[in-house]
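>
Residue numbers (this note's numbering), protein chains in the order written: chain A, 191 to 516; chain B, 16 to 687.
Set out below in structure tokens:
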């Protein structure tokens, strides 16, 4: 009886191998695995088997059934992989996937914000039309300061000014939120300028502010170095050198050493410093208890250096062929 | 600031080569911007900050180098012998405006001989990039770039009434500045001038006058050394578009305390090279010399702010090196501020000096930072989600200027509102803060068309501006959308699909978007109002001929997303998938053009058909076989029961009643 099952398996597999097309394979399935097929009939013969042999018979029947099902499945899979449809030249070029593009300035802003967000800075924003209090006075820029000159700013008819720096957001945040605060804000700033390869009357800055008890210059340098390494790579060299801004003291410029056209050069990243006590006191924050640092980075400069963009005007022409490069 | 390597070394006990000078000055806050090697010297260009006028001269730079490298600074002192008659026998001085001119001094030298400068003067000026003129002019330039004090020399014999008056200009007065190409200017009365008895002879701190300038024939001179209000100097300089080394210096502040030393040095140099006799005494007009300021700094506060352990003794030494004459008592340093450091008033100013001397390179870096995890605020999340949605839909993001022309802005101002503008003088023809993103997108689209780039979908997320009818100034975020039309018969649907996607980014996957016909706008025809969850957020439609003539009917939309950027997305609970199959029935109706899809859906929904799950849009057909003014709308109705498989018979009845309703309510004819 068991030997008979072996023969049955060989016959069945041979019949499957001989099945030429889908219809023949389907006919084989009905013949062998169908509800009235040969396997079912064999199972019905269980009652003719000696009770002592029944477990062995059952086991062999199960193995047979499994073997036929596996063979059928394998046969079908092979069939599915066979040629169907019209001929195909796999070397033809791809169809455009129809994906859009984020503007390179917007990409750069998002990448910078993301690095600072990982360092615990909360992204925020502020208005582009400001009053002189937020753009100058609160930032320790006195009435007589040359930065207020009409020629260097976009004053609005009927009052107000297009902000000349994102440092205004520092004031907006500290007016609403008592320290500790740690924010990062990106946005447009405006300064009248004749447009050329390196000047444009609108550009983007990323502003950072951290005010807490015991914030020091060490925190500022560590944060900026951490950013530079995360954004440009571990090998990047960063230096700070003394500078002057009305709203920070001590103030510094941050430079990064980059290879440009085969030559190592220091490139300005932006300005930074410890928040000037006058700024905190103008907002009724006790400058003895709270200290902080602030920084402002030029987005276009970063993007242009990173991607070898020679002319800032290319960024704002918005030629789709240019924007699709990034 | 151009500086000569050799000139700086004139004031140091040990010379520093150009590289060392550049390193030390960069360290001090004056980075090298350019370098030119000359025979026997190096010309270097150092960047200056607006607070450090004292470093726009060679002694100032040498002082920084000395402080940073343990060198000794030698400041040259002039002590000319005054052997002539009393100065007031030659001229008189009247300072009418000491508030604008805190100190004016005049010295007279008679019987001088104008000629070339000695080589030790002219060589230094040449190395800096200046052209030597004469021993008088060169001496004033030398003192300017040695000590940072601008001075001026008048030909005494040309001064009307032998008089110097420091006063405000009179409206309509004429003045001819020194200079080969100079033309006469008219003063408006807001300028500070130096005048003689009749006329202005100098724009104070900015430029001397041609009529009283020294010439080769000059014999007797009046030497001016003064200080002027920086704001006044800047005003005059900007007003007449005249800038000079003097105005650059005065705009950064010159202390009255340093005027006399510089004047004596200048007189010494003139007498050494041009001979002559110095009159006895000085014409002086102005306020009393203020006392030198004393500023205190807590040494512990300095360490706390910087986070660096610099001991008290080192702090004292650093300030000493910079000339602050510090004294330490009980952890507090009292520093007497030198005249040339008018930028030092507060404790934190001294802390900055300690920081500069210590150097940023020596600030330690922490490997780890303490952070409090920051939440991603809803507005940031929403903006990122909208951008991601649009980019995945094939849109290209643009970044365009906020300022546009009045002409471009006109059609986009909300009715009853006015535009916000910058002052015309700075605007270069584009003074309007854009009331919408759309005109900017149109400009980009046309620029691309000019370059032969077509088939574009563009968006920009940016601020827009207007003044509302009630006078309120509005700044609000707008998402501008502009799409080429690919298949005209698709109508608004391509843009509607984008709006649906944006709405899900803003308000979650269950956001209910409605788009309803509305009156044409000045830039959209037809126009439709878009609402998300019953909040109107803007308009979409086809750009009209007025703003986009002959472009093939670009689709555009202006969406104001801020109402949905203030809160997090609603929590989303998963729905179970249906367990039983649906029955679908397709219907094609011929209806008048005026019948909208929304009306047909409303009729279907209004019948409350049992097990009706959805009414789906299939297509609209116009053309052969459909009468003019009508269209064929195909829809698919889906029915499903939650607990069993429906039979076709259960759906037949509702479909019949639906067809009847379509016939009765909109005169529909059922196709095929």
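Backbone N, C-alpha and C fix where the C-beta goes; we use that ideal spot for every residue, glycine too.
Can you name, in chain order, every residue of its own chain whose Cβ lies under 6 Å from the Cβ of residue 421/A, other than the five neighbours on each side?
305
> Can you give me the C-alpha to C-alpha distance between residue 285/A and residue 514/B, rounded to a whole angstrom?
25 Å
> List, in order along the chain, the chain B residues whose C-beta lies closer than 9 Å to that of residue 347/A?
435, 436, 437, 438, 439, 446
> Does residue 95/B come out as helix, strand or coil in the three-state DSSP assignment?
coil
> Got a sec, what are the start and stop residues for the beta strand (DSSP E) residue 588/B sits in?
Note, residue 588/B: premise wrong, no beta strand (DSSP E); not H, not E.
> Just by C-beta distance, which residues in the region 246-262 of chain A are closer than 9 Å to chain B?
none
> Cα-Cα, which of 157/B, 578/B, 347/B is closest to residue 11/B?
Nothing can be reported for residue 11/B: it is not among the residues displayed for chain B, which extend from 16 to 687.
> Note down, in chain order, every chain B residue with its Cβ under 7 Å from the Cβ of residue 291/A.
406, 411, 412
> Scan the region 377-389 of chain B for residues whose Cβ lies nearer than 9 Å to a Cβ of chain A and list them as they occur along the chain.
378, 379, 380, 381, 382, 383, 384, 385, 386, 387, 388, 389: these are the residues of the region 377-389 of chain B whose beta carbon lies less than 9 Å from some beta carbon of chain A, given in chain order.
> Nearest to residue 594/B by alpha carbon, out of 600/B, 658/B, 609/B?
658/B
> Please classify residue 289/B: does DSSP put it in a helix, a strand, or coil?
Helix at residue 289/B.
> Using the three-state DSSP reduction, which class does residue 495/A fall into: helix, strand or coil?
Here residue 495/A sits in helix by DSSP.
> Strictly below 7 Å CB to CB, what residues from chain B border residue 503/A?
Chain B residues near residue 503/A: none, gap ~11 Å exceeds 7 Å.
> Can you confirm whether residue 230/B, when its beta carbon is compared against all beta carbons of chain A, has any partner nearer than 9 Å?
no
> Looking only at its chain, what residues have a beta carbon closer than 6 Å to the beta carbon of residue 171/B, apart from the 5 residues adjacent to it on each side?
235, 236, 237
> Compute the Euclidean distance between the alpha carbons of residue 381/B and residue 132/B, then round it to the nearest angstrom.
57 Å
> Answer with buried or exposed for residue 632/B, where buried requires no fewer than 16 other C-beta atoms within 10 angstroms of its C-beta.
By the beta-carbon neighbour count (other beta carbons within 10 angstroms, threshold 16), residue 632/B is exposed.
> What are the boundary residues of the beta strand (DSSP E) that includes residue 317/B?
Unbroken run through residue 317/B is the alpha helix (DSSP H), 314-321; no beta strand (DSSP E).
> Output yes or no for whether 9 Å exceeds the beta carbon distance between residue 576/B and residue 397/B.
yes
> Determine, using beta carbons only, whether residue 415/B comes closer than 9 Å to chain A.
yes
> Can you tell me which of the three DSSP states residue 430/B falls into?
coil
> Note down, in chain order, all residues in the region 65-87 of chain B with a beta-carbon under 8 Å from any beta-carbon belonging to chain A.
Taking 8 Å as the upper bound on Cβ-Cβ separation, chain A lies near residues 65, 66, 67 of the region 65-87 of chain B.
> Can you name the residues that DSSP bridges to residue 438/A?
According to DSSP, residue 438/A bridges with 435/A, 465/A.
> Identify which residue in 477/B, 496/B, 439/B, 68/B has its Cα closest to the Cα of residue 343/A.
Out of 477/B, 496/B, 439/B, 68/B, 439/B has the C-alpha closest to the C-alpha of residue 343/A.
> At 9 Å on the CB atoms, spell out the chain B contacts of residue 467/A, in chain order.
361, 362, 363
> Are the beta-carbon atoms of residue 479/A and residue 463/A separated by less than 9 Å?
Not a contact, by the Cβ cut-off of 9 Å.
> For a cutoff of 9 Å on Cβ pairs, would you count residue 343/A as touching chain B?
Yes, its Cβ sits closer than 9 Å to a Cβ of chain B.
> What does a CB cutoff of less than 7 Å around residue 408/B pick up in its chain, not counting 5 residues either side in sequence?
513, 516
> In terms of DSSP beta bridges, what is residue 372/B paired with?
In DSSP, residue 372/B forms no bridge with anything.
> Express the C-alpha separation of residue 558/B and residue 541/B in angstroms, rounding to a whole number.
The alpha-carbon atoms of residue 541/B and residue 558/B are separated by roughly 8 Å.
> Residue 506/A and residue 409/A - do their beta-carbons sit closer together than 9 Å?
no
> Just tell me which of 403/B, 549/B, 544/B, 354/B has its CA closest to the CA of residue 289/A.
403/B
> What's the C-alpha gap between residue 502/A and residue 295/A?
If I take the Cα positions, the gap works out to 11 Å.
> Have a look at residue 93/B and residue 325/A and give me their C-alpha separation to the nearest angstrom.
46 Å
> Output yes or no for whether 9 Å exceeds the beta carbon distance between residue 212/B and residue 184/B.
The answer is no: Cβ separation not under 9 Å.
> Closest Cβ-Cβ distance between residue 487/A and chain B: below 9 Å?
no
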